[in-house]
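Asker: Heads up: the sequence shown at position 33 corresponds to 445 in this note's numbering, and the numbers run straight through without jumps. Glycine is no exception: its CB is placed at the ideal position from the N, C-alpha and C atoms. Computed from a prediction, not measured in an experiment: that's the story for all the values here. Have a look at this one.
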Amino acid sequence: MADEFDKIQDRARRLIKSEFSKRGSVLQEEVGRIMRKMRISGMDRSSIEENQIRAACDGEIDTRATIVWNSVRRAYEAVGAPTTGALAADFKKEVNRHIEEIVKDVSEFMARRLSSRKLSPHLLDFESTKHAVEERIGVEVDLYVDSLLSKKTAETEEKIEPEGQVKMIYGDIEKDLASWRDFLRFIKKDVSSGQIRNYGNVLNGLKRLSKPIVSLRNEQKDETILRACNHLEESRKELQDIVSDSLNEPTSWVKVTNRLDDLIDELDELSELLAETPQKKDGQRTIGRPRGTKQVSRGTSKPKTKPARDQVFICYSRKDKQWLSDLNTHLKPYVRNGSVTPWSDEQITPSSRWFEEIKAALDRTRVAVLLVTPDFLASDFIREHELTPLLKEAEKGGVHIIWIPVRACSYKETALKDYQAVGDPDKPLANMKANRDKAWVEICENIKRAVSR
413 MADEFDKIQD RARRLIKSEF SKRGSVLQEE VGRIMRKMRI SGMDRSSIEE NQIRAACDGE
473 IDTRATIVWN SVRRAYEAVG APTTGALAAD FKKEVNRHIE EIVKDVSEFM ARRLSSRKLS
533 PHLLDFESTK HAVEERIGVE VDLYVDSLLS KKTAETEEKI EPEGQVKMIY GDIEKDLASW
593 RDFLRFIKKD VSSGQIRNYG NVLNGLKRLS KPIVSLRNEQ KDETILRACN HLEESRKELQ
653 DIVSDSLNEP TSWVKVTNRL DDLIDELDEL SELLAETPQK KDGQRTIGRP RGTKQVSRGT
713 SKPKTKPARD QVFICYSRKD KQWLSDLNTH LKPYVRNGSV TPWSDEQITP SSRWFEEIKA
773 ALDRTRVAVL LVTPDFLASD FIREHELTPL LKEAEKGGVH IIWIPVRACS YKETALKDYQ
833 AVGDPDKPLA NMKANRDKAW VEICENIKRA VSR
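Below, the structure written as structure tokens:
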């Protein structure tokens, strides 16, 4: 049954892409017709009205939207989805809503692409424009078809199945995560070359990635997996924000590439955690030891020795990486002479288990340096998994807290109000210019003194 379902998915994708390919030449001809008409009438390239281009694009893409609906409907019917009555009406409404989003997004993309070119009409590269639009719509619809076909139809209608027959499950969380990992790797190829045309694909893809994360979080009770889900969701939101900011800043796509790498690594980590968590017969995960490991009898295990607290843990929001870089620069002389050993999550290698690495680093922390900003305080992951454990250890006297007011924020509403800041919170580093280096030197000296205590 699962093999048959996969074949139907492939068939739906091929059908839709085939229809797009047929319509591609029509789109090219329509845009070309407008350009030729303008050239013949002697219109200057700069006087081309954006709405003329948009009208041509909208008309053609609306035609494509109808084809998309028919193609998806046929594929969905093939897997037994409701095709009549209220359920079918709801389904069509949902598909049409999404198609309208695609039409709007691609129309704006076409208008921007054509309007921004400072070329004469006869020099306009119609072929590359056509391919760019086809690829953009193709990836959009490909993702949407996957999401439609992987829904659990049991949620919308009851099915009577023969006793003992295994129910067909539409979609699997682990499979979803693997698919998203492959998708991120795919878009990274174009992102790394600064191709802004994939902006919509990346942004919409990141929005939809939240669905399998939420599904996994809702059905899991394993604490480690829940933490991994929370961290992954935070990274997803952060990358989504970076992509949004990158629309008009092509140079910042380097940041997107780096964060894509991080997100792919975290998806790998989550998949590994899922693989190591035993399954019950009903498919639910249970808390237990990894497969293939032996259970140690009580009373026979050796007591674990606590690691020495000898390093400086730098706690920061990933949105504040530049401030981390500045701190590391000023700490370099102290690192060279061995007086300070700093640690941040930048030292986690791609193949490592990031959450286990962070936990181990917290256990070795002697001094915690907090780069406090609004983003730092807004991070649920930092509050739950880094700041709270550090403050608990500080109460016991095991960790010395040094918090740095980097940007103005509502620290008085948090536990940090009970700790002395290095520097005046009313004069955060971000507001300094001439004296910022001097402030960093003072911070580094405070860190050195705290380590040597």
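(1) Which term fits S647, buried or exposed, when burial requires 16 or more other beta carbons within 10 angstroms of its beta carbon?
(2) Excluding the five sequence neighbours on either side, which residues of its own chain have a C-beta within less than 6 Å of the C-beta of L782, listed in chain order?
(3) Measuring only the C-alpha atoms, how far is E857 from L799?
(4) Under a Cβ-count criterion, where at least 16 other Cβ atoms within 10 Å of its own Cβ denotes burial, should R730 be classed as buried or exposed?
(5) Kindly list the residues whose CB is nearer than 7 Å to the CB of K822, restricted to its own chain and excluding five residues on each side of it in sequence; keep chain order.
(6) If I follow the unbroken beta strand (DSSP E) through C727, where does it start and stop?
(7) Since D732 contacts V834 with CB under 8 Å, what's their CB separation in whole angstroms?
(8) With a cut-off of 8 Å on the beta carbons, I'd call T753 and Q723 a contact; round off their distance for me.
(9) State the Cα-Cα distance for the pair S737 and W852, rounded to the nearest angstrom.
(10) Please report the distance separating the alpha-carbon of L803 from that of L828.
(11) Does DSSP put A846 in a helix, in a strand, or in coil?
(12) Look at the alpha carbon of I760 and the alpha carbon of K771, and state the distance between them as a whole number of angstroms.
(13) I think K860 touches S756, with their Cβ atoms under 8 Å apart; what is that distance to the nearest whole Å?
(14) Does the Cβ of A773 have 16 or more other Cβ atoms within 10 Å, making it buried, or fewer, making it exposed?
(15) Once DSSP output is grouped into helix, strand and coil, what is the label at I814?
(16) Bridge partners for P801 per DSSP, in chain order?
(17) Between which two residues does the alpha helix (DSSP H) holding R748 run?
(18) Pull the bridge partners of A833 from the DSSP assignment, please.
(19) So Y831 and I855 are in contact, right, with Cβ under 8 Å, and what is the actual spacing, rounded?
(20) Can you give the Cα-Cα distance for N843 and K649, rounded to whole angstroms?
(21) Of the choices I794, K839, G810, whose alpha-carbon is the least far from that of T826?
(22) Tell me the rounded alpha-carbon separation between A862 and A780.
(23) Return the CA-CA distance between A883 and V784, expressed in angstroms with no decimal places.
(24) With 16 other CB atoms within 10 Å as the buried threshold, where does E805 fall?
(25) Could you give the DSSP three-state label for V853: helix, strand or coil?
(26) For D787, which residues from the same chain have a beta carbon less than 7 Å from its beta carbon, with the 5 sequence-adjacent residues on both sides left out?
(27) Which same chain residues, not among the five before or five after Y746, have their C-beta less than 8 Å away from its C-beta?
(28) Using the C-alpha atoms, what's the distance from C641 back to S791?
(29) Alpha carbon to alpha carbon, what distance is there between R848 and H742?
(30) With DSSP collapsed to three states, give me the class of P754.
(31) Which of the three DSSP states is assigned to R778 in this structure?
(32) If you drop the 5 nearest sequence neighbours on each side, which residues of the same chain put their C-beta closer than 7 Å to that of P840?
(33) Between which two residues does the alpha helix (DSSP H) harbouring A790 extend?
(34) For R877, count the other beta carbons within 10 Å of its own beta carbon; 16 or more makes it buried, fewer makes it exposed. Which is it?
(35) Give the straight-line distance between the Cα atoms of G384 and F725, rounded to the nearest whole angstrom.
Answerer: With the given structure in hand:
(1) buried
(2) C727, W815
(3) C-alpha separation (whole angstroms): 22 Å.
(4) buried
(5) Note that residue 822 is Ser in the sequence shown here, rather than Lys. For S822, where only same-chain residues beyond five positions count, the Cβ hits under 7 Å are L789.
(6) 723-727
(7) Here D732 is actually not in contact with V834; their C-beta atoms are around 16 Å apart, not less than 8 Å.
(8) 4 Å
(9) 12 Å
(10) Straight through space, the alpha carbons of L828 and L803 are spaced by roughly 9 Å.
(11) coil
(12) Distance between the alpha carbons of I760 and K771 is about 12 Å.
(13) Incorrect: roughly 17 Å between the Cβ atoms, too far for contact.
(14) buried
(15) It is a strand residue.
(16) In DSSP, P801 forms no bridge with anything.
(17) R748: member of the alpha helix (DSSP H) spanning 733-748, first to last residue.
(18) W815
(19) The pair is not a contact, with the Cβ atoms about 15 Å apart (cut-off 8 Å).
(20) Answer to the nearest angstrom: the Cα atoms are 27 Å apart.
(21) I794
(22) C-alpha separation (whole angstroms): 10 Å.
(23) In the structure displayed, the chain extends from 413 to 865; residue 883 sits before or after that span and is not available.
(24) buried
(25) Three-state result, V853: helix.
(26) Answer for D787: S729, K731, D732, listed in chain order.
(27) V752, C856, I859, K860
(28) 14 Å
(29) Each residue's alpha carbon lies about 11 Å from the other.
(30) strand
(31) strand
(32) P817, V818, R819, A820
(33) 786-790
(34) The requested residue 877 does not occur in the structure, where the chain is confined to residues 413 to 865.
(35) Residue 384 falls outside the range modelled here, since the chain spans only 413 to 865, and no answer is possible.
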